[in-house]
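Student: In this note's numbering, the protein residues as written are 81 to 176.
1) Beta-carbon separation of residue 130 and residue 118 under 9 angstroms?
2) Taking its Cβ as the centre, do 16 or more other Cβ atoms sit within 10 Å of residue 95, making it buried, or is it exposed?
3) Applying the criterion that 16 or more other CB atoms from any shown protein chain within 10 Å of the CB defines a buried residue, is residue 108 buried or exposed?
4) Roughly how many angstroms lie between the CA atoms of residue 166 and residue 81, to the nearest whole one?
5) Return the CA-CA distance between residue 105 and residue 87, expressed in angstroms with no decimal places.
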């Protein structure tokens, strides 16, 4: 899973093999069951997998740039959580 985006009452999974899978559940349900150290909700309509985060920048508002070349906006409301998750994720991966 690279990221999941909301589409009304559905969630669309974007996978690393370029497939998209649509599921009839809302993002909140996945947010509750996915490992929180790896997946972070960055917008009301997006959850990203930190393993697929290439970089982030704040040139035109905060954006998460993914390894597949896509860019997803990080909402101001979720920015501090995003930074905190990146810090924990980086620390956790450097210990392995």
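C-beta: ideal position from N, C-alpha, C; glycine also. All figures in this text were calculated on a predicted structure; none of them were measured in a lab.
Tutor: For this structure:
1) yes
2) exposed
3) exposed
4) 17 angstroms
5) 10 angstroms
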